[in-house]
Amino acid sequence: MISKYAIFCSVIELGSFTKTAEQLNYSQSAVSQTIKNLEKEIGTCLLTRGHEGVKLTKDGQALYPYFQQIVQGEKQLTKKIEELQGLNKAEIRIGIFTSASRNFILPFIKDFKAKHPAVNFVLKQGDYTSIHQWLDTGQVDLGFTHIDYVGQLQSHILYQDCLYAVLPSKHPLAKQNEVSLADLAKTELILLDEGENSLTRAAFEKAKITPTFAYEIYDDYTILEMIRQDLGVSLLYENFLDGLTLQDLTIRHITEKPFRTIVLAWKNRQTLPLAAQEFAKTISSKMND
1 MISKYAIFCS VIELGSFTKT AEQLNYSQSA VSQTIKNLEK EIGTCLLTRG HEGVKLTKDG
61 QALYPYFQQI VQGEKQLTKK IEELQGLNKA EIRIGIFTSA SRNFILPFIK DFKAKHPAVN
121 FVLKQGDYTS IHQWLDTGQV DLGFTHIDYV GQLQSHILYQ DCLYAVLPSK HPLAKQNEVS
181 LADLAKTELI LLDEGENSLT RAAFEKAKIT PTFAYEIYDD YTILEMIRQD LGVSLLYENF
241 LDGLTLQDLT IRHITEKPFR TIVLAWKNRQ TLPLAAQEFA KTISSKMND
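The opening position of the sequence shown corresponds to residue 1 in this note's numbering, with each subsequent residue numbered one higher.
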């Protein structure tokens, strides 16, 4: 819908009510009535019509530059809204941990980019604590995290991710069909660093077992190489291990079956950027299929 200020400026630019009506596909009486209503609202005559066409009054000359600024602002606002609705030049910032960035989110990004090629993604890797902080401070729009550490954030449950024992193929425990936490506690353990909220530590605490961690490493791939070098064994997530070529390594179920529930979280849906809302909606709907 064209504003009264845009109609007024068009009349002045074209110098005619008739030409304005034709250009805007309005009736001439509608254009004339809009100008009369504007003059009534402001309380003064803004233009006159004569043989030489439409002319601004003194008051009209004083106000015309301001009307032009309003019209320009309206155009910029309309353009921005259209960009948002079309997800043009939008950026979606996501806090994520390694396994989710490797094995979960990439197909969703690919499909979303096919529909909205102008959207850019920024993936920021971290642990549960840092991701929660980034969401809280607005450094990211969406975050993947453990359901137990969502706090006041809003979230949607995505999937469960089990811990598996990863051992050198020649390790004695590799001969067993599955291993227990007690078995693992007797080995050189490499801890996956998940920040303050380590599921591995929590699993041992729940089983009332006190292991000794020889190493604490943030990067899953480094841990795999350390296991290959026979520096220890580790507990890694199914979603990370899925699809990897695990030469010289053996994967075993853990008797206690420790797992985490992964959620997609955000601070407030009402203030979430449109592009991030649409991406979150896409993931949630597909996970519910």
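Ideal Cβ placement from N, Cα and C applies to all residues, glycine included.
Note that this is a predicted model, so its numbers are computed, not measured.
Margin query: Does the stretch 232-247 come into contact with the stretch 138-148, if we say contact requires no fewer than three beta-carbon pairs (one atom in each stretch) closer than 8 Å?
Written below: By the Cβ criterion, the stretch 232-247 is not in contact with the stretch 138-148, since fewer than three pairs of Cβ atoms, one from each stretch, lie closer than 8 Å.
Check: If you check the beta carbons only, do residue 101 and residue 125 fall under 8 Å apart?
Finding: With contacts defined by Cβ atoms closer than 8 Å, residue 101 and residue 125 form a contacting pair.
Next item on the list: Could you give the DSSP three-state label for residue 101: helix, strand or coil?
Entry: helix
Check: What three-state label does DSSP hand residue 239 in the structure shown?
Finding: helix
Check: Residues in its own chain within less than 8 Å of residue 217 by CB, not counting five upstream and five downstream?
Finding: Here the set comprises 190, 191, 192, 193, 223 and 226.
Next item on the list: Indicate the three-state DSSP secondary structure (helix, strand or coil) for residue 272 in the structure shown.
Entry: coil
Item checked: Under the three-state DSSP convention, the category residue 359 falls into -> Nothing about residue 359 can be reported from this structure: the residues present for the chain run from 1 to 289 only.
Check: With a CB to CB cut of under 8 Å and the five nearest residues on each side skipped, what residues in its chain are close to residue 154?
Finding: Within the same chain, Cβ atoms closer than 8 Å to the Cβ of residue 154 are found at 265, 266, 267, 268 and 269, the five residues on either side in sequence being excluded.
Check: Does the stretch 68-76 come close enough to the stretch 40-52 that 3 or more CB-CB pairs lie under 8 Å?
Finding: By the criterion of at least three beta-carbon pairs nearer than 8 Å, the stretch 40-52 is not in contact with the stretch 68-76.
Note to self: Using 8 Å as the threshold, is the C-beta distance between residue 156 and residue 233 below it?
What the structure shows: no
Margin query: What does the alpha-carbon distance come out to for the pair residue 338 and residue 35?
Written below: Nothing in the structure corresponds to residue 338, since the chain is present only between 1 and 289.
Note to self: Quick check on the burial criterion: 16 or more other C-beta atoms within 10 angstroms. Buried or exposed for residue 30?
What the structure shows: exposed
Note to self: What does the alpha-carbon distance come out to for the pair residue 168 and residue 187?
What the structure shows: 12 Å
Next item on the list: Assign residue 247 to one of three DSSP states: helix, strand, or coil.
Entry: coil
Next item on the list: Tell me whether residue 92 is buried or exposed, calling it buried when 16 or more other Cβ atoms sit within 10 Å of its Cβ.
Entry: Classification of residue 92: buried, given that the 10 Å Cβ count is 16 or more.
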